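Colleague: Chains as they are written, first to last, in numbering that gives the first Met the number 0: chain A, 0 to 313; chain B, 0 to 313.
All residues carry an ideal CB built from backbone N, CA and C; glycine is no exception.
Because the structure is a prediction, the values reported are computed rather than measured.
The structure that follows is given in the form of structure tokens.
Protein chains: 2
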Amino acid sequence: MIRTPICDLLGIEKPIFQGGMAWISDASLASAVSEAGGLGIIAAGSAPGSYVREQVRELRERTDRPFAVNLMLENPSADEVAEVIVEERVPIVVTGAGNPAKYMKAWTAAGTKVVPVVASVALARMMERAGAVAVIAEGTESGGHIGETATMPLVPQVVDAVSIPVVAAGGIADGRGVAAAFMLGAVGVQVGTRFLVAEECTIAEEYKDLVLKAKDISTVATGRSIGSPVRCLKSPFANRYAKAEREGAAAEELVALGTGALRKAAKDGNYDEGSFLCGQVAGMVTRREPAAAIVDDLLEGAERALREATKWVS
Amino acid sequence: MIRTPICDLLGIEKPIFQGGMAWISDASLASAVSEAGGLGIIAAGSAPGSYVREQVRELRERTDRPFAVNLMLENPSADEVAEVIVEERVPIVVTGAGNPAKYMKAWTAAGTKVVPVVASVALARMMERAGAVAVIAEGTESGGHIGETATMPLVPQVVDAVSIPVVAAGGIADGRGVAAAFMLGAVGVQVGTRFLVAEECTIAEEYKDLVLKAKDISTVATGRSIGSPVRCLKSPFANRYAKAEREGAAAEELVALGTGALRKAAKDGNYDEGSFLCGQVAGMVTRREPAAAIVDDLLEGAERALREATKWVS
Chain A
0 MIRTPICDLL GIEKPIFQGG MAWISDASLA SAVSEAGGLG IIAAGSAPGS YVREQVRELR
60 ERTDRPFAVN LMLENPSADE VAEVIVEERV PIVVTGAGNP AKYMKAWTAA GTKVVPVVAS
120 VALARMMERA GAVAVIAEGT ESGGHIGETA TMPLVPQVVD AVSIPVVAAG GIADGRGVAA
180 AFMLGAVGVQ VGTRFLVAEE CTIAEEYKDL VLKAKDISTV ATGRSIGSPV RCLKSPFANR
240 YAKAEREGAA AEELVALGTG ALRKAAKDGN YDEGSFLCGQ VAGMVTRREP AAAIVDDLLE
300 GAERALREAT KWVS
Chain B
0 MIRTPICDLL GIEKPIFQGG MAWISDASLA SAVSEAGGLG IIAAGSAPGS YVREQVRELR
60 ERTDRPFAVN LMLENPSADE VAEVIVEERV PIVVTGAGNP AKYMKAWTAA GTKVVPVVAS
120 VALARMMERA GAVAVIAEGT ESGGHIGETA TMPLVPQVVD AVSIPVVAAG GIADGRGVAA
180 AFMLGAVGVQ VGTRFLVAEE CTIAEEYKDL VLKAKDISTV ATGRSIGSPV RCLKSPFANR
240 YAKAEREGAA AEELVALGTG ALRKAAKDGN YDEGSFLCGQ VAGMVTRREP AAAIVDDLLE
300 GAERALREAT KWVS
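The following block contains the structure:
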């Protein structure tokens, strides 16, 4: 059994977070992860408050364990979702793509703990000062919206910079990655890509098939030209987007090109038009299984690796 | 003490490779690392055979321990350097930027062991088939010429794909990174950036100062537009190069822009015109010290982390 300080801090049994992925991480997936003892995370994505409220209530019908809502601060309904988080007494909120400072007071008053995703030391420090109870240091190998620094150099630099617990994200799909994250100083991990193929994940089967077939070099980061890199599987959509970037397309044009592409991937499994968000670990994801089996495999694999850690030491 | 199978395979005492960095890794640095028990590596860069011969001989005056020559296969004098490696009976050759298949027979006949740097599973498999005794799986967080996959997802995927030993490179600057690399399945590490500030490293003091001042987000990868990404410190040169790329400069124009920039950084410490190759771990590099102290700190830190690996396991 592996239990770290993040478990006590958040009231969870196992130090495994399931990444908040827009159009993907709904009550079905999040409740399965929370019920398995990890931290299930409902992603608000760009959805309105009503969607988040509905998902939170649905999750609570399935589990009474702690869970989180992921709020992308670029969500046009961010203010509304922030209020729903208070009204529904959501125990934990994970924030991404910005600075949640203006919501911190209301959330803290409501007993909601705040765990921001950070891609740099400077943002980690700012979040600690703003009252975050922990941070998720996410490397560029992750799927979806990413920063530029990879997990291996990012995690120890964030660990050295803050005194709150650090959760590692990016590049972790099995127990070896969990064990490596602990060596870097993290006390938990966030895993996205491997949960894409969880049985409780409601995305289109075509999306799951693409992840299962992917290799180590099957992803690409698009959007760097407009300062907003996003990692997804190489696909007709990704090719068109990359071509537009190379040809110097304006930001509005690129945003228009991307609109609806996440839904087309997650809901329709539309290979030609969808943006299939996915991390560089896709090549390690090889089977559909229940979310609970993924949580347990991550920890059992980590325990094996950690117990053998001194095999070269004498 | 940490001793792994790569030590026996190559006849070295400690599983620490010093990265082969063009214009940087000369006999001075490489002999210090080899004498400390690690694997010192002389970089041929784009230099002719005569330079490599001179450096090999100089190293041998300073140490009788094993060392390697790094041969970038894009070196215009690659054939000549490959021959010098045979003539000088260099014990180990590390190859980068291509497929060394055409030299393998001559090297093997001369008793030279081949350890290619790889950035993908496919190249690792190809190198194993060609007769490599080990591979260095190098993540995108490294300095210099890079691939796109980060160390955390790359290393376990390469470990699963080949049966020869795997050395991890990219994002490693202290014992935590070494321990993490072991958890991922590597049996050694290659470290570049931290050795930039070794006392025996002969680069300009201005270069060392820039590395010591760098933070987690101080590097940038240029050259992606021509399929040849290179990671260096953000600098006037890097800005000009990135601007030219954004404006759609042709490959020849970019190559011309880059010519001489490595020398201007390493030899002249020319801040405005130099290309200061550097990895994302620069923020963890905080002091000048002898190469032997770096080797020992890496291993002592790893040993500490590995001995505490089960602290969360019960």
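Is it the case that the Cβ atoms of B/Pro115 and A/Val280 are separated by a distance below 8 Å?
Modeller: Contact: no.
Colleague: Just the Cα atoms here: how many angstroms apart are A/Val120 and A/Ala290?
Modeller: Roughly 31 Å between the two C-alpha positions.
Colleague: Determine, for B/Gln17, whether the minimum Cβ-Cβ distance to residues of chain A falls below 8 Å.
Modeller: No, B/Gln17 does not count as interfacial toward chain A.
Colleague: Per DSSP, which one or two residues make a beta bridge with B/Ala46?
Modeller: Answer is none; B/Ala46 lacks a bridge partner.
Colleague: Once the 5 residues before and after B/Ala250 are set aside, which same chain residues still bring their CB inside 7 Å of it?
Modeller: Within the same chain, B/Ala250 has close Cβ partners Ile225.
Colleague: Kindly indicate which three-state DSSP category A/Leu72 falls into: helix, strand or coil?
Modeller: In the structure shown, A/Leu72 sits in coil (DSSP, three-state: anything other than H, G, I, E or B).
Colleague: For A/Glu307 and B/Thr3, what's the separation of their Cα atoms in angstroms?
Modeller: C-alpha separation (whole angstroms): 13 Å.
Colleague: Tell me the DSSP secondary structure of A/Pro155 in three-state form.
Modeller: It is helical.
Colleague: So, does the CB of B/Pro155 fall closer than 8 Å to a CB anywhere in chain A?
Modeller: At least one chain A Cβ lies under 8 Å of B/Pro155.
Colleague: B/Lys214 versus chain A: which residues are under 7 Å apart at the beta carbon?
Modeller: Under the 7 Å cutoff, chain A gives Val120.
Colleague: Go ahead and label A/Lys263 buried or exposed: buried means 16 or more other beta carbons lie within 10 angstroms of its beta carbon, across all protein chains shown.
Modeller: Flag for A/Lys263 reads buried.
Colleague: Using a C-beta to C-beta distance shorter than 8 Å, which residues of chain B count as neighbours of A/Ala116?
Modeller: In the sequence as displayed, the identity of residue 116 of chain A is Val instead of Ala. None at all; the shortest Cβ gap to chain B is about 15 Å.
Colleague: Across which residues does DSSP place B/Phe66 in a beta bridge pair?
Modeller: B/Phe66 is bridged to B/Gly39.
Colleague: I need the DSSP call for B/Leu297, collapsed to helix, strand or coil.
Modeller: Of the three classes helix, strand and coil, the one that applies to B/Leu297 here is helix, per DSSP.
Colleague: Work out the CA separation of A/Gly97 and B/Leu276 for me, nearest whole Å.
Modeller: Going from the Cα of B/Leu276 to the Cα of A/Gly97 covers about 30 Å.
Colleague: Measuring alpha carbon to alpha carbon, tell me which of B/Pro14, B/Lys13, B/Met20, B/Ile5 ends up nearest B/Cys200.
Modeller: Of the candidates B/Pro14, B/Lys13, B/Met20, B/Ile5, the one whose C-alpha sits nearest the C-alpha of B/Cys200 is B/Met20.
Colleague: Only counting runs of 3 or more residues, tell me where the beta strand (DSSP E) segments fall wholly within the region 160-218 of chain B, in order along the chain.
Modeller: Correct list: 165-168, 188-190.
Colleague: Taking B/Thr218 and B/Gly170 to be in contact with their CB atoms under 8 Å, please state how far apart those CB atoms are, rounded to whole angstroms.
Modeller: Contact flag wrong, Cβ pair sits at about 11 Å.
Colleague: So if I threshold CB-CB distances at 8 Å, which residues from the region 183-203 of chain A count as touching chain B?
Modeller: Going along the region 183-203 of chain A in chain order, one finds Leu183, Gly184, Val186 with a Cβ nearer than 8 Å to chain B.
Colleague: Can you have a look at A/Ala255 and say buried or exposed, based on whether 16 or more other CB atoms are within 10 angstroms of its CB?
Modeller: That one is exposed.
Colleague: Going by other Cβ atoms of all chains shown within 10 Å of its Cβ, with 16 needed for buried, is A/Asp173 buried or exposed?
Modeller: Buried, since its Cβ has 16 or more Cβ neighbours within 10 Å.
Colleague: Could you tell me whether the Cβ atoms of B/Thr221 and B/Gly142 are closer together than 8 Å?
Modeller: Taking 8 Å as the Cβ cut-off, B/Thr221 and B/Gly142 do not qualify as a contacting pair.
Colleague: What did DSSP end up calling A/Ala118 once you bin it into helix, strand or coil?
Modeller: Reduced to three states, the DSSP call for A/Ala118 is coil.
Colleague: Output yes if chain A places a C-beta closer than 8 Å to the C-beta of B/Glu302; else output no.
Modeller: Output row for B/Glu302: interface = yes.
Colleague: Is A/Phe16 helix, strand or coil by DSSP?
Modeller: Reduced to three states, the DSSP call for A/Phe16 is strand.
Colleague: A/Asn69: buried (16+ other C-beta within 10 angstroms of its C-beta) or exposed?
Modeller: A/Asn69 comes out buried.
Colleague: Quick one: using the 10 Å Cβ neighbour count with 16 as the cut-off for buried, is A/Thr94 buried or exposed?
Modeller: Buried, since its Cβ has 16 or more Cβ neighbours within 10 Å.
Colleague: How many Å lie between A/Ile135 and B/Ile145 at the Cα?
Modeller: The alpha-carbon atoms of A/Ile135 and B/Ile145 are separated by roughly 26 Å.
Colleague: Closer than 7 Å, Cβ to Cβ, to anything on chain A: give me those residues from the region 280-295 of chain B, in chain order.
Modeller: Residues Val280, Gly282, Met283.
Colleague: Applying a beta-carbon distance threshold of less than 8 Å, which residues of chain B neighbour A/Val312?
Modeller: Chain B residues near A/Val312: Met0, Ile1, Glu302, Leu305, Arg306.
Colleague: Assuming A/Arg165 and A/Val157 are in contact, meaning their beta carbons sit under 8 Å apart, how far apart are those beta carbons, in whole angstroms?
Modeller: Here residue 165 of chain A is Val; the residue named in the question, Arg, does not match the sequence. Indeed, because the Cβ distance is near 5 Å, the residues count as touching under 8 Å.
Colleague: Which parts of the region 217-280 of chain B are runs of the alpha helix (DSSP H), unbroken and 4 residues or longer, counting only runs that do not cross its ends?
Modeller: With a minimum length of 4 residues, the continuous alpha helix (DSSP H) runs that stay inside the region 217-280 of chain B are 235-245, 250-257, 260-265.
Colleague: Can you list, in chain order, the residues of the region 126-157 of chain A whose Cβ is nearer than 9 Å to any Cβ on chain B?
Modeller: Taking 9 Å as the Cβ-Cβ cut-off against chain B, the residues of the region 126-157 of chain A that qualify are Gly138, Thr139, Glu140, Gly146, Glu147, Thr148, Ala149, Thr150, Met151, Pro152, Leu153, Val154, Pro155, Gln156, Val157.
Colleague: Closer than 9 Å between beta carbons: that is the criterion. Which residues of the region 238-270 of chain A meet it against chain B?
Modeller: Listed by position, the residues of the region 238-270 of chain A near chain B (Cβ gap below 9 Å) are Arg245, Glu246, Gly247.
Colleague: Leaving out the 5 sequence neighbours to the left and right, which residues in its chain are closer than 8 Å to B/Arg239 when beta-carbon positions are compared?
Modeller: Counting only Cβ-Cβ distances below 8 Å, and skipping sequence neighbours, we find Leu256.
Colleague: Would you mind sorting A/Met0 into buried or exposed? The rule is 16 or more other CB atoms within 10 Å of its CB.
Modeller: By the neighbour-count rule (16 or more Cβ atoms within 10 Å), A/Met0 is not buried but exposed.
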